[in-house]
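Undergrad: First, the structure itself, so that you have it in front of you.
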Amino acid sequence: MYRRLFVLVLLPYLVAAVSTSVVQAATATEYIDYGMKAVKEGDFKKAAASFSLAVKQDPDSPEAHYNLGVAYQKLNMPREAADEFRETIRLKPNYAGAYLNLGSVLQELGEAKEAVTVLTKGLAVAPDNAALHYNLGGALEKTGDDAKALDQFLRVTTLAPDFPDAWHRAGVIHGRMGQPEKAIVCYRKALELDPTMEASLFNLGSALGETGDWEGEVETYKKLLEKHPDLGLAWYNMGVALWNLNNIEKAEKAFEKSTKVDPKYPFAWNNLAQCHIKTGKYEQAASEAKEATRLEPGFVGAWNNLGLALVGMGDYSGATKAFKKALDLKPDYPNSHFGLGLALALSGDTAGAKTQIAVLRKLNSPLADELESKLQGGSR
772 MYRRLFVLVL
782 LPYLVAAVST
792 SVVQAATATE
802 YIDYGMKAVK
812 EGDFKKAAAS
822 FSLAVKQDPD
832 SPEAHYNLGV
842 AYQKLNMPRE
852 AADEFRETIR
862 LKPNYAGAYL
872 NLGSVLQELG
882 EAKEAVTVLT
892 KGLAVAPDNA
902 ALHYNLGGAL
912 EKTGDDAKAL
922 DQFLRVTTLA
932 PDFPDAWHRA
942 GVIHGRMGQP
952 EKAIVCYRKA
962 LELDPTMEAS
972 LFNLGSALGE
982 TGDWEGEVET
992 YKKLLEKHPD
1002 LGLAWYNMGV
1012 ALWNLNNIEK
1022 AEKAFEKSTK
1032 VDPKYPFAWN
1042 NLAQCHIKTG
1052 KYEQAASEAK
1062 EATRLEPGFV
1072 GAWNNLGLAL
1082 VGMGDYSGAT
1092 KAFKKALDLK
1102 PDYPNSHFGL
1112 GLALALSGDT
1122 AGAKTQIAVL
1132 RKLNSPLADE
1142 LESKLQGGSR
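Residue numbers (the working numbering): 772 to 1151.
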C-alpha cells in the first residue's frame, strides 16, 4: 500500500498598499494620513502615491518608507517593497515591523537564506515578537533546516498559544522528522483552536495511521469527507487504513471512490488492483494495474500487480512480461522475482523458475522457500 501526505502551505506574511489621484498636501505627515485613509478604503494605488509623496517630502521618515513598502507589497511589487523596508531599517534599526515584512518579501522572492538573516536581526530587536519567530520558522523551513524551523514554531506556541497555524506547522515538521506522536499532539491542538483547519484534520489522519491507529485514521477521514467528499487523497488514505484493518471490501470502495474523484492518481488504481487480486477479481485487477502503469510507466508495484493479476487469469506469457518490466525498473525486487518464477513454473519452464529461486536466495529473501515449495507442489 502506498501513502501520500498532503500538507497545507500557510503564507507567513502580513501586507498592505499603491495610485493616481492624490490631494496635494503640505507635509509628509499629511501625505501619510491621506495614504492611510486610502488603505482603509482598499485603494492601494492611491495609498502608494500618497506615501511616495511623503517620501519625497521627507526622505528621512521611516514611517513613510515603511508604509510605501507595505503598499508595494499589496500591489505585488516585492522588489520595490524590499527596497523601502531596507531603507526603513537603515533609518530606524529598531523597527520590528520592517524586519518582519522584509523577511516576508524576501521569502516571496525566493531568497529564504537572506530572509533568515533579516528575521534573526529583527528578533535581536524584538525577541518576543511571535510574528517574527513564525516567519523565521517559515524561512528556515524553506532552507531545509527543519530542526531550527521547528524550534521557531514551538517558540510561537509559547508566545502566542492560541495561534493555530504555528501548531499546524510544528505538526508538519514533526511528521517529516518521523515523529507522528508529536505531530498528532500539534494537529489536535490546532484543531482545538480552529476546528475549520482541514489541513490539520487531513494530516492528523495520516499521522494516526503512521502510529498504527488505523481506526482513528478512518474516523478522522470520515469527518473530513463529510465536508469534502471530492477529496481524493482522503479516500485514498482511508482505503490504506481499511486495508491495514483487513477490511478489504470497504478498502476497495474507498479506492474506487478515490479513482473516480482523481482518476489521474496511479497509486489509487494500483491499490484498487491489489484489493481485486486479494478477492480474486483478476480481470478487474489487470485493467486497474494497466491504468496505473499508463499513468506512471515507472511504477514498479503496478507492473508487479499486473503480473499477479495475469497469473490469476492464466495468462502466464503476459504475466512474465509484466514481471520482467518490473525487474527492468528494479532488478533486486524480490516480489517480482517470485512472481516471475511462479509464472514460469506455471507455464512449464521449471528451469527458469529455479533460476528465480537462486536469485531470491542471493537476495536473502524468504520468498525463495515459498517459490520452491510451490514448484515442488505443482505451483498451485
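Quick reminder that beta carbons are idealized off the backbone N, C-alpha and C, glycines included.
Note that this is a predicted model, so its numbers are computed, not measured.
With Phe-822 as the anchor, note down where its alpha helix (DSSP H) starts and where it stops.
TA: Here the alpha helix (DSSP H) through Phe-822 covers 815 to 828.
Undergrad: Which word fits Asn-1042, buried or exposed, when buried means at least 16 other C-beta atoms lie within 10 angstroms of its C-beta?
TA: It is buried - the Cβ of Asn-1042 has at least 16 other Cβ atoms within 10 Å.
Undergrad: Answer with buried or exposed for Arg-993, where buried requires no fewer than 16 other C-beta atoms within 10 angstroms of its C-beta.
TA: According to the sequence displayed, residue 993 carries Lys and not Arg. Counting Cβ neighbours within 10 Å, Lys-993 comes out exposed, since fewer than 16 surround it.
Undergrad: Just to confirm my understanding: we take Ser-792, look at its own chain, exclude 5 residues before and 5 after, and list those with CB closer than 6 Å. What are they?
TA: Model confidence at Ser-792 stands at a pLDDT of 46, short of 50, so the residue's coordinates are unreliable and nothing is read from them.
Undergrad: Under 7 Å Cβ to Cβ from Val-889, same chain only, skipping five residues before and after it: list those, please.
TA: Correct list, in chain order: Tyr-870, Leu-873, Gly-874 and Leu-877.
Undergrad: Once DSSP output is grouped into helix, strand and coil, what is the label at Asp-1033?
TA: Here Asp-1033 sits in coil by DSSP.
Undergrad: Taking the continuous alpha helix (DSSP H) assigned at Gln-1127, which residues delimit it?
TA: Residues 1121 to 1133.
Undergrad: Give me, in chain order, the residues of the same chain whose beta-carbon lies closer than 6 Å to that of Gly-1078; leave out the 5 immediate sequence neighbours on both sides.
TA: Counting only Cβ-Cβ distances below 6 Å, and skipping sequence neighbours, we find Ala-1090, Ala-1093, Phe-1094 and Gly-1110.
Undergrad: Put Tyr-1087 into one of helix, strand or coil per three-state DSSP.
TA: Here Tyr-1087 sits in helix by DSSP.
Undergrad: I'd like the span of the alpha helix (DSSP H) that includes Tyr-866, first residue to last.
TA: No alpha helix (DSSP H) holds Tyr-866; DSSP gives it neither H nor E.
Undergrad: Just the C-alpha distance for Leu-1138 and Gly-1148, rounded to the nearest angstrom, thanks.
TA: The straight-line gap from Cα to Cα measures roughly 15 Å.
Undergrad: What residue range does the alpha helix (DSSP H) around Leu-911 cover?
TA: Leu-911 -> alpha helix (DSSP H) spans 901 to 914.
Undergrad: For Leu-1134, is the classification buried or exposed, using 16 other Cβ atoms within 10 angstroms of its Cβ as the cut-off for buried?
TA: Burial call: exposed.
Undergrad: Please report the straight-line C-alpha distance between Ala-978 and Glu-1020, rounded to a whole angstrom.
TA: Those two C-alpha atoms are separated by around 23 Å.
Undergrad: Helix, strand or coil for Ala-931 per DSSP?
TA: Looking at Ala-931 - three-state DSSP - the assignment turns out to be coil, as it is neither helix nor strand.
Undergrad: Excluding sequence positions up to five away, which residues of its chain have a Cβ less than 6 Å from the Cβ of Gln-1055?
TA: If we look at Gln-1055 and ignore the five residues flanking it on each side, its Cβ neighbours are His-1047.
Undergrad: On a Cα-Cα basis, can you pick out the residue from Ala-1063, Leu-1117, Leu-862 and Met-848 that is closest to Gln-1045?
TA: The option with the nearest alpha carbon to Gln-1045 is Ala-1063.
Undergrad: Mark Gly-881 as exposed unless 16 or more other C-beta atoms lie within 10 angstroms of its C-beta, in which case mark it buried.
TA: Answer is exposed; the Cβ neighbour count stays below 16.
Undergrad: If you drop the 5 nearest sequence neighbours on each side, which residues of the same chain put their C-beta closer than 8 Å to that of Leu-1146?
TA: Excluding sequence neighbours, Leu-1146 sits near Gly-1112, Ala-1116, Thr-1121, Ala-1124, Lys-1125 and Ile-1128.
Undergrad: When DSSP labels each residue in this structure, what does Met-848 get in the three-state scheme?
TA: Looking at Met-848 - three-state DSSP - the assignment turns out to be coil, as it is neither helix nor strand.
Undergrad: Please work out which residues of its chain come closer than 6 Å, Cβ to Cβ, to Glu-912, disregarding the five sequence neighbours upstream and downstream, and give them in chain order.
TA: Excluding residues within five positions, the ones whose Cβ falls inside 6 Å are Ala-920.
Undergrad: Nearest to Ala-1114 by alpha carbon, out of Ala-1080, Lys-1101 and Leu-907?
TA: Minimum Cα distance to Ala-1114 is reached at Ala-1080.
Undergrad: Less than 8 Å between CB atoms is the rule here; does Asp-854 satisfy it with respect to chain D?
TA: Reference to chain D is not applicable here, since this structure consists of a single protein chain.
Undergrad: In angstroms with no decimal places, state the Cα-to-Cα distance between Ala-853 and Phe-1070.
TA: One C-alpha to the other measures close to 45 Å.
Undergrad: Taking only the alpha-carbon atoms, compute the straight-line gap between Ala-937 and Lys-1061 and give it to the nearest angstrom.
TA: Roughly 43 Å separates the two Cα atoms.
Undergrad: Hey, which unbroken runs of the alpha helix (DSSP H) at 4 residues or more fall wholly within the stretch 975 to 1008?
TA: Segments of the alpha helix (DSSP H) lying fully in the stretch 975 to 1008: 985 to 998.
Undergrad: Using C-beta distances below 7 Å, list every residue in its chain close to Met-968, excluding the 5 sequence neighbours before and after it, in chain order.
TA: Excluding positions up to five away in sequence, the list reads Pro-935, His-939, Ala-961 and Leu-962.
Undergrad: With 16 as the cutoff for other CB atoms within 10 Å, does Gly-983 come out buried or exposed?
TA: So Gly-983 ends up on the exposed side.
Undergrad: So what's Phe-1094 in DSSP terms, helix, strand or just coil?
TA: Looking at Phe-1094 - three-state DSSP - the assignment turns out to be helix.
Undergrad: Taking all protein chains shown into account, do 16 or more other C-beta atoms lie within 10 angstroms of the C-beta of His-1108, making it buried, or fewer, making it exposed?
TA: The residue is buried, with at least 16 neighbouring Cβ atoms inside 10 Å.
Undergrad: Considering only the beta carbon of each residue, do Tyr-958 and Gly-1003 sit closer than 8 Å?
TA: Not in contact: Tyr-958 and Gly-1003 (Cβ atoms no closer than 8 Å).
Undergrad: Thinking C-alpha only, which one of Pro-1000, Ala-819, Ala-825 and Met-1009 is nearest Thr-991?
TA: When each option's Cα is compared against that of Thr-991, the closest is Met-1009.
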